[in-house]
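For any residue, its number in the numbering used here is found by taking its place in the sequence shown, counting from 1, and adding 1162. The C-beta atom is built at its ideal place from N, Cα and C for all residues, glycine as well.
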Amino acid sequence: MKSSRPAGTRGSFIAAVVALLLILSGCSSIPRSGPVATIPAPAVEEDTVSQVFSPEGPQPGAPPEVLLQEFITAGTGAADGYKVAREFLTPELARTWQPEERIVIFRADPRIIQREAEGALQVQLEITGIIDARGIRTDPPTPTTESVRAEMVKVNGQWRISEIPNGIMVTESNASLLATAHHLYFYSSGYRYWVPDVRWFVRRPGIAARVVQALLAGPAPYLQGAVTSAFPEGVTLAQESVPIASGVASVELSADVLQDATDLRLQQMEQQLRVNLTTLNDVTSVEMSAGQPIDLGSPDPALVIPDFNPPVGNEQVVIADNEVRTVRNLDVLPVEGLPSVADYSPKDPARSLEGSNFAFLNGRSTALLATAPGSEVRTAVEGTGLTAPSFDTSNWVWTARSVEGGPSGRGTEVVAVPPGGVTRNAVVVSASWLADRTVRELQISRDGARALLVVDEAGASEVLLAGITRSAQGIPQSLGTPIALNAGADIGTAKWAGESTIVASPVSETAEVTPLIVQLSGETEALKPHKGVLNISAGSDPQEDFYIQTAEALFARVGLSWIRSVEGVRDPAFPG
């Protein structure tokens, strides 16, 4: 058994010789700029795809239909720049084919059809998702079909693909093994919170560089204008790799990163890079350079350390005995100093994130009323079909109301009221895409940058996510073009349950329905069905705080079951 003690003078001598050789060769440290050191950095990313997928190349004499099927299978082989898949292509196409420009996720076996012309084929797919070149995944509410055309010619007597769109086609089961979801983080408009932008990256070496490239390219379209990047537009990676050694990621940026950059801005850049890269294996810190190491200067006192996933606690606001109450540790408690609201037949209460402001609807959903301990009740919004109020991080209270408009003659507008405001202070938030939709639910994320909506259009429901654009003064201005979440059909209510998680459910007084946990990355977990679900609520983690409400009681999720929790309450809501 070897001793655990130092090796003594012999070990010291060897160490000294190695150190001297390093100094003489100029490789005593890994540079922050210029060429990578001649001593290679240890690999920090396993080629996990090659371990899972090892597709074979084309079989000699394979007919076109078989060759195309084998090419689809070979698309899972990301190792060596998709070397195996390129063997199915003509040399000309192999040089230009971009496999990750579009990843089509399909279920069931693809149908390959031989067209009349020799070597002309068509693949018919039932698509459940698409990942584009930016890593943005889109899942249609229901599977759709798509046809992919391919042309083949013979090369040295063997069929090879001469024309096919860029991209690969993978099964649902293989997609989760081939690609991994990663959160890009951007600043909220006030630099107070990190806002996640979920992207998908193929599991192959070089993911650190691809994460940085995606970050520098900016947020997904639905978040543009709603979040902020510390990096100016146009800044790029100066080299295609991000070397990692001893936990330090060295990021070489184009020189324009320094243009008009203050110490504060440089520190915000470094902070954003660090947050985005330290979620990868073996990255603990970041060094930036642009031809030479970037001096960040002394820590700027104005540098804000943003919060992740702001917690909302475990206390809910409810309606009980026709009053606004709270539920704490299974006890229903009055809110000290809050005036009686029984005359309004209150429903759908909301509480601000910091806890001191309350809002609710009257019984006819024609008025949103606001109050606070020691304050009178005031009317903040009037209209028809008002949705349950929701507070943002600046204590603006939001709702949606029915308006005339759109091809159907009926639409919705979104309204926000500042802290302490009344009807004359209400701001209509632009969202032209709601002109022909009815909003059932509107919930503002706990970072204040995104709106979660449940909408009806032509009798079908959708769960949408839209970025919130604000003025320099923080006044809400517009909701950007939304993305649809993979929550299925007939959803009646949805709530935030974390920075990148929502809970959703159909609603019914009598039928059994299935609540869902939906990740913004696309994964959906169906929970145990329950009869008569009228409302739901969730805290910062749906594994710990997820409730459904029926006409009889509030039920808490415990493992795989729903346990009766509190009776005599309705319309539960966590702060926000």
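Inter-residue CB distance, residue i and residue j (contact presumed, cutoff 8 Å)
| i | j | result |
| --- | --- | --- |
| residue 1504 | residue 1485 | 6 Å |
| residue 1560 | residue 1604 | 6 Å |
| residue 1366 | residue 1342 | 10 Å between Cβ atoms; not a contact. |
| residue 1472 | residue 1609 | 7 Å |
| residue 1416 | residue 1398 | 5 Å |
| residue 1698 | residue 1655 | 6 Å |
| residue 1572 | residue 1546 | Wrong, their Cβ atoms sit about 11 Å apart, outside the cutoff. |
| residue 1400 | residue 1414 | 4 Å |
| residue 1539 | residue 1511 | Actually they do not touch by this definition, with Cβ atoms about 12 Å apart. |
| residue 1466 | residue 1482 | That belief does not hold up - the Cβ atoms of residue 1466 and residue 1482 are roughly 39 Å apart, past 8 Å. |
| residue 1428 | residue 1385 | Not a contact, Cβ separation roughly 23 Å. |
| residue 1739 | residue 1638 | The question about residue 1739 has no answer here: the residues shown for the chain are numbered 1163 through 1738. |
| residue 1662 | residue 1358 | 5 Å |
| residue 1265 | residue 1292 | 7 Å |
| residue 1678 | residue 1665 | 7 Å |
| residue 1304 | residue 1288 | Actually they are not in contact, since the Cβ atoms of residue 1304 and residue 1288 sit about 10 Å apart, beyond 8 Å. |
| residue 1448 | residue 1432 | 6 Å |
Endpoints, the beta strand (DSSP E) within which residue i is located
| i | result |
| --- | --- |
| residue 1272 | 1264-1276 |
| residue 1147 | Since the first residue of the chain shown is 1163 and the last is 1738, residue 1147 is not available in this structure. |
| residue 1616 | 1612-1619 |
| residue 1741 | Look at the range of the chain in this structure, 1163 to 1738, and you will see that residue 1741 is not part of it. |
| residue 1414 | 1410-1414 |
| residue 1600 | 1600-1606 |
| residue 1710 | 1708-1711 |
In DSSP terms, what residue i is bridged to
| i | result |
| --- | --- |
| residue 1695 | DSSP lists no partner for residue 1695. |
| residue 1726 | 1717 |
| residue 1657 | 1665 |
| residue 1735 | 1479 |
| residue 1429 | Bridge partners of residue 1429: none, in fact. |
| residue 1675 | 1692 |
| residue 1141 | The shown model of the chain, from 1163 to 1738, leaves out residue 1141, and the question about it has no answer. |
| residue 1309 | 1286 |
| residue 1455 | 1451 |
| residue 1687 | 1679 |
| residue 1299 | 1293 |
| residue 1390 | 1349 |
| residue 1651 | Residue 1651 pairs with nothing; no bridge assigned. |
| residue 1423 | Answer is none; residue 1423 lacks a bridge partner. |
| residue 1407 | 1410 |
| residue 1110 | Shown here, the chain extends from 1163 to 1738; a query on residue 1110 therefore has no answer. |
| residue 1279 | Bridge partners of residue 1279: none, in fact. |
Element boundaries [alpha helix (DSSP H), containing residue i]
| i | result |
| --- | --- |
| residue 1644 | Per DSSP, residue 1644 belongs to no alpha helix (DSSP H) and is neither H nor E. |
| residue 1632 | Where residue 1632 is concerned, there is no enclosing alpha helix (DSSP H), although the beta strand (DSSP E) it sits in stretches over 1622-1632. |
| residue 1741 | Residue 1741 is absent from the model: the chain starts at 1163 and stops at 1738. |
| residue 1254 | 1253-1258 |
| residue 1386 | Taken as a continuous stretch (DSSP letters only), residue 1386 belongs to no alpha helix (DSSP H), as it is neither H nor E. |
| residue 1635 | Counting along the chain, residue 1635 falls outside any alpha helix (DSSP H), and DSSP gives it neither H nor E. |
| residue 1374 | 1369-1379 |
Within-8 Å CB hit, residue i to chain D
| i | result |
| --- | --- |
| residue 1456 | This model lacks chain D altogether, as it is built from one protein chain only. |
Any chance you could list the beta strand (DSSP E) runs of at least 3 consecutive residues sitting entirely within the segment 1217-1251, in chain order?
none
Stretch pair the segment 1314-1327 + the segment 1249-1266: three plus CB contacts closer than 8 Å
yes
Can you list, in chain order, the stretches of the beta strand (DSSP E) that have 3 or more residues and sit fully within the segment 1462-1523?
1478-1482, 1485-1490, 1493-1496, 1509-1513 and 1520-1523
Quick one: complete alpha helix (DSSP H) runs, 4+ long, within the segment 1316-1351?
1334-1340
What are the start and end residues of each continuous beta strand (DSSP E) run of 3 or more residues lying completely inside the segment 1531-1594, in chain order?
1540-1544, 1559-1565, 1573-1579 and 1589-1591
Would you be able to state if there are at least three C-beta pairs under 8 Å between the segment 1394-1414 and the segment 1644-1663?
no
Taking three-plus beta-carbon pairs below 8 Å as touching, is the segment 1720-1735 in contact with the segment 1364-1373?
no
Count the CB pairs spanning the segment 1333-1352 and the segment 1591-1601 that are closer than 8 Å, and state whether there are at least three.
no
Please determine if the segment 1428-1438 and the segment 1684-1698 are in contact, where contact requires at least 3 C-beta pairs separated by less than 8 Å.
no
For the 8 Å Cβ check, are there 3 or more pairs between the segment 1525-1543 and the segment 1571-1583?
yes
How about the segment 1542-1558 and the segment 1513-1531: do they share at least three Cβ pairs that are nearer than 8 Å?
yes
Determine contact between the segment 1271-1286 and the segment 1297-1317, defined as no fewer than three beta-carbon pairs at a distance below 8 Å.
yes
Report yes or no: do three or more beta-carbon pairs, one from the segment 1629-1639 and one from the segment 1667-1676, lie closer than 8 Å?
no
Looking at C-beta atoms only, is the number of pairs between the segment 1328-1335 and the segment 1225-1242 that lie closer than 8 Å three or more?
yes
Assess, as a yes-or-no matter, whether the segment 1703-1719 is touched by the segment 1444-1464 under the definition of 3 or more beta carbon pairs within less than 8 Å.
no
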